[in-house]
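Chains as they are written, first to last, in full-length UniProt numbering: chain F, 1 to 222; chain S, 1 to 252.
Below is one structure, written out as structure tokens, with a few remarks after it.
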Ligand code: HEM
Ligand code: SF4
Ligand code: FES
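Put into structure tokens, the structure is as follows:
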């Protein structure tokens with residue numbers, strides 16, 4: 001297929017799957033924020049999601065597909081790019097490229113490793129069974145206790161915050177890159193879109209990292 | 001007068017005997033350089049000295065020396081064309097440097113631009129990309145009336161901005177992925193903006209992109225180094241335009 005072979009076609013597939021994952025992380029953050037309202041809200045939110053039944057699996061399969069396409073093409077494009085540029089300059093004086101634009105593959109792979117751990121931790125619940133199997137007063141699965149119990153442990157909080165820094169770096173380049181790849185850009189919109197992308201990345205970093213941070217520092221009690 | 005003040009500079013230059021020779025950096029001293037010397041004239045002075053002392057002069061590409069042909073291709077201190085806005089190497093002047101400076105001079109580096117000798121690379125891959133679609137196939141016949149095909153002023157200006165590209169190769173040389181997207185997009189955008197070019201727009205974008213890949217250039221990942229290095233101010237908005245043209249071509 002044209003789209004899978006062409007350099008721009010593959011970029012467009014990466015951009016669309018990446019952007020769908022950005023929409024997911026935004027919605028996911030909104031859901032997670034119920035933790036700041038209280039244990040009851042978070043547990044109720046989790047129960048609502050689980051009650052969707054087969055839709056949960058449709059959704060999971062869709063996410064897995066986006067993720068797979070994005071990771072496969074991301075790796076392929078990066079490998080091709082280093083083949084195209086085998087000999088580096090002795091002096092490297094970058095004018096526009098940034099740390100985040102040059103390390104997309106590494107921040108991406110860090111997130112991939114994190115997603116596997118995250119699913120084992122909070123979805124399959126095998127990494128910390130002692131705190132992740134509880135039931136709350138009204139018989140719902142006690143997500144609140146699992147989350148607070150986890151993030152009271154420095155190492156887990158640290159891993160989550162680290163992954164969110166990777167997400168921040170990935171998206172401070174990725175969001176604006178999406179608009180350029182889709183062709184939804186011109187000389188006037190580019191600086192504006194670039195700023196919006198960075199703002200989105202900062203909001204996601206602050207939003208996500210605040211959860212482990214607040215729990216670890218004891219501001220949010222278990 | 002300032003003409004009498006001269007500078008002495010240290011040059012660290014890539015020397016390579018041929019396409020398959022290993023190549024290495026050599027250090028030279030440039031003496032008696034004034035602020036009015038262009039960068040290439042400075043190299044001419046160094047080469048005169050090398051020739052007089054029986055050594056091989058530094059081989060570099062150049063032709064017009066007035067910023068229009070795109071032949072001069074040197075990466076100076078890590079930036080193609082030296083980093084002065086909208087300036088080719090031949091138009092870069094030594095007043096940008098000061099006495100005692102050390103300057104690194106390297107050839108374009110990209111798999112698709114193999115080194116011939118020293119600072120000279122083979123840029124014919126750009127010609128190959130143009131041959132894949134950087135033209136319109138219309139019968140020219142006699143000279144047509146100037147106003148027979150009306151082109152709105154904004155479209156004409158847009159096409160002219162894209163047509164500023166001189167095919168120098170700095171965009172691929174600057175790109176961390178050695179992608180030729182700025183060059184390719186400039187031609188795609190220029191022709192797609194004009195009535196004569198619209199007819200073959202879909203075929204053009206597909207063929208030029210395919211050829212770019214076949215030549216061994218990388219994929220664009222929107223670092224925008226190309227635009228920063230381009231001596232003609234070709235804007236990455238043309239890459240967005242190419243992406244739109246590609247999406248349109250899928251439907252045709
Ligand atoms: C988990 C493994 C991941 C890997 C290995 C990965 C890898 C990459 C790479 C290498 C690029 C640059 C593509 C290029 O250079 O052309 C990229 C772009 C991008 N990524 Fe990821 N990524 C991952 C996860 C994510 C996630 C979770 C999101 C969203 C939350 C995301 C959003 C994006 C976006 C929006 C882009 C820009 C697309 C474009 O180039 O136009 N990525 N990714
Ligand atoms: S787009 Fe600019 S840098 Fe690239 S070949 Fe044309 S003039 Fe040179
Ligand atoms: S020698 Fe022609 S552009 Fe520099």
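Note that beta-carbon positions come from the ideal geometry of N, C-alpha and C, so glycine has one too.
Here the structure is a predicted model, which is why all the values come from computation and not from measurement.
Checklist entry - So which residues on chain F does residue 93 of chain S lean against when the C-beta distance must stay under 8 angstroms? => result Within 8 angstroms Cβ-Cβ: nothing; residue 93 of chain S doesn't reach chain F, min ~19 angstroms.
Next on the checklist: I'd like to know whether the C-beta of residue 111 of chain S is nearer than 8 angstroms to at least one C-beta of chain F.
Outcome noted: Residue 111 of chain S counts as touching chain F.
Checklist entry - Hey, is residue 176 of chain S's beta-carbon within less than 8 angstroms of any beta-carbon in chain F? => result Closer than 8 angstroms to some Cβ of chain F, the Cβ of residue 176 of chain S qualifies, so yes.
Item to check | As assigned by DSSP and simplified to three states, the class of residue 1 of chain S | outcome: Residue confidence for residue 1 of chain S is low, a pLDDT of 47 falling below 50, so the modelled location carries little weight; the figure read from the coordinates is stated next. In the structure shown, residue 1 of chain S falls within a coil segment according to DSSP collapsed to helix, strand and coil.
Checklist entry - residue 96 of chain F CB to nearest chain S CB: under 8 angstroms? => result Yes, its Cβ sits closer than 8 angstroms to a Cβ of chain S.
Checklist entry - Hey, residue 173 of chain S and residue 234 of chain S: beta-carbon distance below 8 angstroms or not? => result The answer is no: Cβ separation not under 8 angstroms.
Next on the checklist: Below 8 angstroms, how does it come out for the segment 114 to 124 of chain F and the segment 143 to 159 of chain S: are there three or more Cβ pairs, yes or no?
Outcome noted: These segments do not touch.
Item to check | Under 7 angstroms from the C-beta of residue 209 of chain S: neighbouring residues of chain F | outcome: Near residue 209 of chain S (Cβ distances below 7 angstroms), the residues of chain F are 6, 7 and 8.
Next on the checklist: For a quick check, are the C-beta atoms of residue 180 of chain S and residue 129 of chain S less than 8 angstroms apart?
Outcome noted: For the pair residue 180 of chain S and residue 129 of chain S, the CB atoms are nearer than the 8 angstroms cut-off.
Checklist entry - Mind checking if residue 235 of chain S is an interface residue toward chain F, Cβ cutoff 8 angstroms exclusive? => result Yes, contact with chain F.
Item to check | Three-state class that DSSP yields for residue 248 of chain S in the structure shown | outcome: It is helical.
Checklist entry - From the DSSP output, which residues share a beta bridge with residue 106 of chain S? => result BP columns for residue 106 of chain S point to S:75.
Item to check | Span of the beta strand (DSSP E) around residue 112 of chain S | outcome: Run containing residue 112 of chain S: none; DSSP gives neither H nor E here.
Checklist entry - Using Cβ-Cβ distances below 8 angstroms, what residues of the segment 69 to 103 of chain S are close to chain F? => result Result list: 75, 77, 78, 79 and 83.
Item to check | CB contact flag (residue 144 of chain F, residue 43 of chain F, <8 angstroms) | outcome: With respect to the 8 angstroms criterion, residue 144 of chain F and residue 43 of chain F are classified as neighbours on the basis of their beta carbons.
Item to check | Reduced DSSP category for residue 135 of chain S - H, G, I as helix; E, B as strand; rest coil | outcome: Reduced to three states, the DSSP call for residue 135 of chain S is coil.
Checklist entry - In the structure shown, what three-state DSSP assignment does residue 44 of chain F receive? => result It is helical.
Next on the checklist: Please classify residue 8 of chain S as buried or exposed, where buried requires at least 16 other C-beta atoms within 10 Å of its C-beta.
Outcome noted: Residue 8 of chain S comes out exposed.
Next on the checklist: Could you check whether the Cβ of residue 221 of chain S sits closer than 8 angstroms to any Cβ belonging to chain F?
Outcome noted: Chain F, which has a Cβ nearer than 8 angstroms to the Cβ of residue 221 of chain S, makes this yes.
Item to check | For residue 37 of chain F, the three-state DSSP class (helix, strand or coil) | outcome: Residue 37 of chain F sits in coil when the DSSP states are folded into three classes, being neither helix nor strand.
Checklist entry - With burial defined as no fewer than 16 other Cβ atoms inside 10 Å of the residue's Cβ, what is the status of residue 9 of chain F: buried or exposed? => result Per the 10 Å Cβ criterion, buried.
Item to check | Ranges of the alpha helix (DSSP H) found wholly within the segment 110 to 193 of chain S, counting only runs of at least 4 | outcome: If one requires a minimum length of 4 residues, the alpha helix (DSSP H) runs lying completely within the segment 110 to 193 of chain S are 124 to 131, 153 to 163, 170 to 174 and 181 to 192, in chain order.
Checklist entry - Hey, would you say the C-beta of residue 42 of chain S is under 7 angstroms away from at least one heavy atom of ligand 3? => result No.
Checklist entry - Do residue 67 of chain S and ligand 3 come close, with the Cβ less than 7 angstroms from some heavy atom? => result Checking the Cβ of residue 67 of chain S against ligand 3 gives yes.
Item to check | Beta-carbon proximity list for residue 138 of chain S, same chain, < 7 angstroms, skipping 5 on both sides | outcome: Within the same chain, Cβ atoms closer than 7 angstroms to the Cβ of residue 138 of chain S are found at 196, the five residues on either side in sequence being excluded.
Checklist entry - According to DSSP, is residue 43 of chain S helix, strand or coil? => result Looking at residue 43 of chain S - three-state DSSP - the assignment turns out to be helix.
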